[in-house]
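See below for the structure under consideration.
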């Protein structure tokens, strides 16, 4: 086989010069094991012998404890993101309400000031 050439998946790993100790294991099996492996614990997988003990056992669980922790963190982040957006919206609505109320009260205040001025003028005319 030429360097850089992709090997036939049905070829035994032992026939590849770099995988001599894995004789008798098909490349497909090795590839499947690599796909299922938890790469966060890569240190334990550096040796191809890691996979030899797994051949007779059932496949690695796809969902590991770390995946569950990651899922839990993601759900909590998503939930927090929704709660934060809801809080921002509520704060904006409250701010908008207070702004409108302030403008309304300014109009009422100016109307009352005008009414006071009219009453003063009326009082002066009566004196």
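In full-length UniProt numbering, the protein residues as written are 1 to 127. Idealized CB from N, CA, C, for every residue including glycine.
Measuring straight from C-alpha to C-alpha, what distance separates residue 94 and residue 83?
16 angstroms
Give me the Cα-Cα distance between residue 110 and residue 103, rounded to the nearest whole angstrom.
11 angstroms
Taking just the CA atoms, how far does residue 75 sit from residue 66?
14 angstroms
State the Cα-Cα distance for the pair residue 101 and residue 88, rounded to the nearest angstrom.
20 angstroms
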